[in-house]
Each structure stands twice: as C-alpha cells, then as structure tokens.
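Since the structure comes first, as structure tokens, the remarks are kept for the end.
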Amino acid sequence: MTMIPGIDPAGFRPCLPLRNPHLQTILASSRLRVSSKMSVLENAEEIVVPTPHGTRLLSLHTRHPEPKGLVILLHGWEGSSASAYMIDAAAFYRQLGFSVCRLNLRDHGESHHLNEGLFHGALIEETFEAVDFLAGLSGSRPVYLIGFSLGGNFALRIARRYSILGKRGLDGVFAVSPPLDPYKSTVALDHGYWFYREYFLRKWKRSLVKKQNLFPDKYDFGEMLKARTCIELTKNIMPYFRDFPTYRDYFALYTLRDDFFRDYKIPVKIFISGDDPIIPRDDYDAIAEHENFRVFRLNFGGHCGFIDFFPHRCWYHRAIAGFIDP
C-alpha cells in the first residue's frame with residue numbers, strides 16, 4: 000500500500016461493528032455525522048456558475064477569512080451540496096483553513112430550474128467549466144477537487160481534461176469510491192442489496208417529477224416512472240437523449256479504462272474499498288499507477304464510508320489532509 004504522511008500504513012481499520020460494508024455505506028449519507036456541523040451552511044454564499052455553453056450550475060461557497068486555498072467538492076448521483084458527506088467535508092476542510100465550494104451537478108439540489116435540459120453522467124463539459132470558474136476564485140492560492148462516487152468519476156475526467164489541455168488551476172484531485180464502469184455499478188445497484196435500488200430509484204424519480212413540473216411542455220415521463228430497476232429507467236429515458244444510440248453507448252461515454260489514467264499531469268488519488276457493495280472490485284485490477292496517479296485500496300469502508308466512531312473520524316479526510324496540509 001502506498002504510504003500517506005501521518006496515516007497508518009495498514010489503512011483503515013474501524014471498530015468491529017463498523018466493518019459491515021452496508022453500515023459504512025449508510026453512514027456515509029447519514030445526518031448523524033453532521034448534526035454538529037450545520038453551522039458551515041449559515042455563511043454559505045450561493046453562486047450560480049455560468050458556462051460558455053449557456054448552462055448554469057449552482058454552487059455553495061463557504062469562505063475562510065484567511066484561506067490556505069480552496070477545496071471544491073462534487074457530490075454523487077442524486078446527492079447534492081446538502082448531502083451529509085458534503086457538509087461533513089465542507090466543515091472539515093474549512094476548519095483545516097480552506098475556503099470550500101460545494102458544487103451541484105445539473106438537476107441536483109435546488110437547481111432543476113436553472114437548465115431546461117436533463118442531467119446525465121456524460122455532461123463533463125459544463126462541469127469542467129464550472130470547476131474551472133470556481134478555481135479562479137482562489138487567485139494564486141492552491142485549489143483541490145474532491146469527488147464522491149459519481150462525483151469522483153467526474154473529478155477523474157476533469158483532472159484528465161486539465162492535464163491534456165495543459166491548463167493550470169487544480170493542484171490536486173481526489174476521488175472517493177468512484178465508479179469506473181457505470182453500467183456495472185448500475186447493475187450492482189439493481190441486483191445487490193435491495194435498499195440501494197429502492198433508495199436511488201426513489202430519488203431519481205422524485206428528481207424527474209420535479210423537472211417535469213418545471214418544464215411540462217418538454218417532459219412527460221409518464222409510464223417510464225413505473226420502472227422497477229435503475230437499468231429499466233435508464234433504457235426508458237433514452238429517447239430524451241438522442242445523441243446516444245443505446246443506453247450502453249451512453250454508459251460507455253463515462254466508462255474509464257486503464258489507458259484513461261496515463262495522461263495525468265497533476266496529482267490524482269483514488270480511495271476505494273474492497274468491500275464496496277456498488278463498485279465491483281475487479282474494475283480496478285488492471286489500473287497501473289504512476290507518479291501522478293495513485294490508488295489506495297482499503298479492505299473496509301463500504302461505498303464512500305471510511306468512518307470510525309472510536310474516536311469519531313473519517314479516514315479519507317485525514318488522508319487528504321496529509322497531502323494538502325502536511
């Protein structure tokens with residue numbers, strides 16, 4: 000395992016009750032972890048980020064009076080700037096001395112009204128442009144991007160775009176539990192523990208109803224909302240995405256293979272768990288590390304968890320802090 004300054008080289012070892020991957024995954028989004036940290040929201044400034052393509056994304060900016068730099072956070076699918084892991088992260092990095100931006104992907108959080116078009120996982124251009132805009136708020140201070148789950152997949156693609164363009168602005172990128180093959184992860188949602196399927200289906204359908212109510216002349220999801228699996232709903236919604244011949248073509252647009260990671264010119268680090276119930280472990284088997292790219296493989300942690308209670312802490316926060324504030 001790659002060493003992290005100040006972190007146990009054996010990795011994340013929670014107390015025995017918290018070694019259950021489903022409990023870790025549920026705790027990642029539990030409000031229990033943020034009950035004492037909601038004050039980070041009180042001084043947050045809403046920023047509607049315009050992009051050159053005409054779309055707009057909503058960000059919540061919590062400033063530090065004397066910032067060491069800026070941390071930009073990207074949530075997972077059907078999460079938002081108000082997700083527990085986003086609030087927890089915002090509180091942690093602000094206390095560490097950083098300003099923090101919690102960026103909402105399109106149609107996440109309270110942002111459905113900002114764009115007529117629907118969200119999908121291949122919307123990398125507008126997300127890259129929004130991150131680049133927010134990075135500019137830091138001036139000459141360092142900027143770090145942290146993505147969770149699908150937000151981690153976006154973060155990895157954004158890091159590659161920065162690298163290929165030779166663009167300055169990001170000093171490091173971290174991805175927590177990012178899916179590399181979204182089709183396989185969606186199948187895992189549908190056919191694994193039933194709770195995950197019902198949780199994401201309910202949230203996705205609620206989001207689509209909100210979009211339909213805002214733009215009734217454009218959207219009529221009708222029968223497709225009766226879908227009983229995430230794959231079924233993905234197939235059904237494809238007529239609204241005419242650029243994708245099939246749902247498998249759509250998933251392929253943000254499937255990341257080994258050669259994808261070879262071009263990084265900025266430091267990129269992934270944190271994954273071998274017991275993740277959503278990301279198949281073999282997705283990472285063929286990935287080769289190099290000077291600017293490291294994968295930290297932990298035995299425990301579930302999906303975006305890595306939480307211990309004795310003492311109460313989140314492992315990846317301490318790991319990232321070792322890199323950005325050694």
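Following numbering that gives the first Met the number 0, the numbering of the sequence shown begins with 0 at its first residue and continues without gaps.
No residue lacks a Cβ here, since even glycine has one placed at the ideal position from N, Cα and C.
None of these values were measured; they are calculated from a predicted model.
In the three-state scheme derived from DSSP, where H, G and I count as helix and E and B as strand, residue 61 is classed as strand.
Scanning the stretch 216-304 for uninterrupted beta strand (DSSP E) segments of 3 residues or longer gives 267-272, 292-297, listed from N- to C-terminal end. Per DSSP, reduced to three states, the secondary structure at residue 118 is coil, with no helix or strand assignment. According to DSSP, residue pairing for residue 79 in a beta bridge does not occur. Distance from the Cα of residue 165 is smallest, within the candidate group 262, 254, 194, 111, for 262. Only buried fits residue 128, as 16 or more other CB atoms lie within 10 angstroms of its CB.
Between residue 43 and residue 26, the C-beta spacing is not below 8 Å. Spatial neighbours of residue 141 in its own chain (CB-CB distance under 6 Å, excluding positions within 5 residues in sequence) are listed in chain order as 68, 170. Residue range 314-323 is occupied by the alpha helix (DSSP H) that includes residue 321. With distances taken between CA atoms, residue 13 lies nearest to 300 out of 136, 300, 110, 236.
Note: residue 311 is bridge-paired with 308 in the DSSP secondary-structure output. For residue 68, the three-state secondary structure derived from DSSP is coil.
In this structure, residue 204 sits near residue 224, with a CB-CB distance shorter than 8 Å.
Restricted to the stretch 19-50, the beta strand (DSSP E) segments that are unbroken, complete and at least 3 residues in length are 44-49, listed in chain order. Excluding sequence positions up to five before and after residue 304, its CB lies within less than 7 Å of the CB of 23, 24, 26, 27, all in the same chain and listed in chain order. Out of 79, 84, 158, the CA that lies nearest to the CA of residue 105 is found in 79. For residue 150, the three-state secondary structure derived from DSSP is helix.
Distance check between residue 260 and each of 174, 324, 198, 273 places 174 closest, using alpha-carbon atoms only. Residue 217 sits exposed, since fewer than 16 C-beta atoms from the chains shown fall within 10 Å of its C-beta. Going by DSSP, residue 101 is part of the beta strand (DSSP E) stretching over 98-102. The three-state secondary structure of residue 192, taken from DSSP, is coil. By the neighbour-count definition (other C-beta atoms within 10 Å, threshold 16), residue 221 is an exposed residue.
Residue 290 and residue 160 have their C-alpha atoms some 18 Å from each other. Counting only the Cα atoms, residue 113 lies some 9 Å from residue 47.
Nearest Cα to residue 89 within the set 126, 41, 162: 41.
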